[in-house]
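Taking numbering that gives the first Met the number 0, I'd label the letters of the sequence shown as residues 0 to 399.
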Amino acid sequence: MIHLTMKKISLIALLLINTLFFAQNKLGYWDNVRITNETISLRAGEKKYIKTAPFPEGTTEVVFRITLLDDNQKISSSLVSLLKAIPDPSGISQGSAGAVFLVSTIAGDDTCKFGVFTTETDAKNFVKTGNFTNACYTQDKPVNKDAKLLSSQSNCKIDSVSQLYFAFESNNWVMSEKVLLEVVPWVDNKLSSGWTNTRKNELIEVLKKVDFYNSLQKKEEFVYQSLQSITKQYTYAEYSKLLDVEKKVILQNVFDSSLQTTGEVDKYYTIIRSKANALFNKGKIDEAIALIQNDIFTKKRNKAIDYYTLAKYFIIQKKFDKVATLLEPVQDSKEVEIQLALAHFYMFTNKINEAKEIHKAFKTFSFVDTTWAIQTQKDLQLFEKCGLPSDNFKKICNIF
């Protein structure tokens with residue numbers, strides 16, 4: 000018959016319960032890939048430091064274990080294997096039984112002092128001077144084993160550093176000693192994308208600088224929707240590696256989706272039209288055309304005013320084949336902007352009678368902020384200024 004001590008029974012129960020919690024834990028995980036497992040030899044009185052493996056994005060806590068081993072000694076269980084039975088750092092930080100079993104049950108007689116640093120400069124300074132200056136954790140009493148949890152709330156500020164530096168000093172007078180360092184990071188699932196609050200705030204500042212932001216009524220909702228969209232699609236590392244031109248395209252798509260959600264999409268496209276008009280007034284007609292085509296037509300946000308504006312720009316460039324292609328699908332539309340664009344097109348392509356018929360039919364109609372007649376006269380003046388043939392202008396003006 001097998002007899003189990005109460006201590007062994009308690010340990011088995013603890014492992015079973017914690018293993019169950021570990022399987023169900025959705026808060027995060029112990030990263031058993033990006034661990035530090037390194038052994039160094041120290042001569043009597045010698046000082047050395049070990050740089051940990053880089054911590055993965057979202058690391059909020061790390062557990063370290065230090066064990067001094069005699070020659071040919073080996074630890075019975077690795078730190079990683081023990082942490083599988085502890086579902087999250089609270090099992091250690093709250094002083095539960097889980098912490099008791101982290102320290103190696105096997106250790107040699109040698110001892111050392113050590114300190115943990117957040118910069119390599121400070122670790123090197125310790126090796127040089129033996130001074131614990133700027134150490135975020137110190138063990139200045141010689142030990143042969145130790146294990147601790149370092150969190151974001153500790154002096155080591157785990158969520159703000161990419162790795163740590165463990166510096167050791169042998170306490171031996173004559174013989175050399177062997178030190179085993181094990182470090183395992185805890186990764187918070189929500190933060191594993193790399194989008195910390197600081198980085199989110201940086202992105203929020205970018206969102207607030209878009210040219211249409213101040214014209215929005217639902218500013219906070221727009222920022223929230225855009226932030227959620229970007230941080231869900233990309234990790235911080237992925238987003239940071241994007242080229243500026245790639246970010247621009249991504250942001251445009253995100254803005255469109257966010258504005259649809261907030262119900263303010265029309266304001267955005269009104270600004271696009273204003274930007275195109277400003278480019279045209281500066282003589283940058285090709286850029287104005289590209290802006291309307293790429294930011295409005297490609298996204299299928301085009302309205303009658305966009306057909307009219309684009310047709311007018313093509314006419315000024317004397318690209319009448321493009322005007323024909325643009326207006327053919329909508330030539331039966333009763334929208335005044337499209338009909339005026341058609342009338343201009345006919346006037347310049349030897350279809351003056353068709354142009355006159357449109358003007359007669361729509362001369363009493365109005366645009367949003369002007370009349371058909373006034374808009375026609377403005378357009379004819381613009382065409383003449385741009386050097387287009389004005390032979391038929393008088394025939395059109397006589398209709399009014």
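A virtual CB, placed ideally from N, CA and C, is assigned to each residue, including glycine. Just so we're clear, the structure is a prediction, and the values are computed from it rather than from any experiment.
So, is residue 201 buried or exposed, given that buried needs 16 or more other C-beta atoms within 10 angstroms? Exposed, since its Cβ has fewer than 16 Cβ neighbours within 10 Å.
Excluding the 5 residues flanking residue 135 on each side, which residues of the same chain have their C-beta closer than 6 Å to its C-beta? 115, 117, 154, 155, listed in sequence order.
Residue 243 to residue 272 span [Cα, whole Å]: A straight line joining the alpha-carbon of residue 243 with that of residue 272 spans about 23 Å.
Distance, Cα to Cα, residue 350 vs residue 330? Roughly 15 Å separates the two Cα atoms.
Excluding five sequence neighbours on each side, which residues of the same chain lie with their C-beta closer than 6 Å to the C-beta of residue 278? Counting only Cβ-Cβ distances below 6 Å, and skipping sequence neighbours, we find 286, 287.
Please state the DSSP three-state secondary structure of residue 106. Coil.
Tell me whether the beta-carbon of residue 78 lies closer than 9 Å to the beta-carbon of residue 34. A contact, by the Cβ cut-off of 9 Å.
Considering residue 28, what are the terminal residues of the beta strand (DSSP E) in which it resides? Where residue 28 is concerned, the enclosing beta strand (DSSP E) stretches over 27-29.
Please go through the same chain and pick out, in chain order, the residues whose beta-carbon is closer than 7 Å to the beta-carbon of residue 362, but skip the five residues on each side of it. In chain order, 371, 372, 398, 399 place their CB closer than 7 Å to the CB of residue 362, counting only its own chain and leaving out the 5 sequence neighbours on each side.
Residue 141, DSSP secondary structure in three states: Residue 141 sits in a strand when the DSSP states are folded into three classes.
In whole angstroms, what is the alpha-carbon distance linking residue 96 and residue 29? The predicted model places residue 96 with a pLDDT of 45, which falls under 50 and marks its position as unreliable; any figure quoted below should be read in that light. Rounded to whole angstroms, residue 96 to residue 29 spans 18 Å at the Cα level.
Going by Cα to Cα distance, which pick from 282, 180, 390, 394 is closest to residue 167? Checking every option, the nearest Cα to that of residue 167 belongs to 180.
Where does residue 241 sit, in a helix, a strand or coil, going by DSSP? Residue state, collapsed to three classes: coil.
On a Cα-Cα basis, can you pick out the residue from 212, 66, 161, 310 that is closest to residue 265? Of the listed residues, the one whose Cα sits closest to residue 265 is 212.
Would a C-beta distance cut-off of 9 Å place residue 192 and residue 234 closer than the cut-off? At a Cβ-Cβ threshold of 9 Å, residue 192 and residue 234 count as neighbours.
Whole-angstrom Cβ separation of residue 60 and residue 88, contact assumed at under 8 Å? Indeed, because the Cβ distance is near 5 Å, the residues count as touching under 8 Å.
For residue 336, count neighbouring C-beta atoms within 10 Å of its own C-beta (all shown protein chains included) and say buried if the count is 16 or more, exposed if not. It is buried - the Cβ of residue 336 has at least 16 other Cβ atoms within 10 Å.
For residue 137, which residues from the same chain have a beta carbon less than 7 Å from its beta carbon, with the 5 sequence-adjacent residues on both sides left out? The answer, listed in chain order, is 114, 131.
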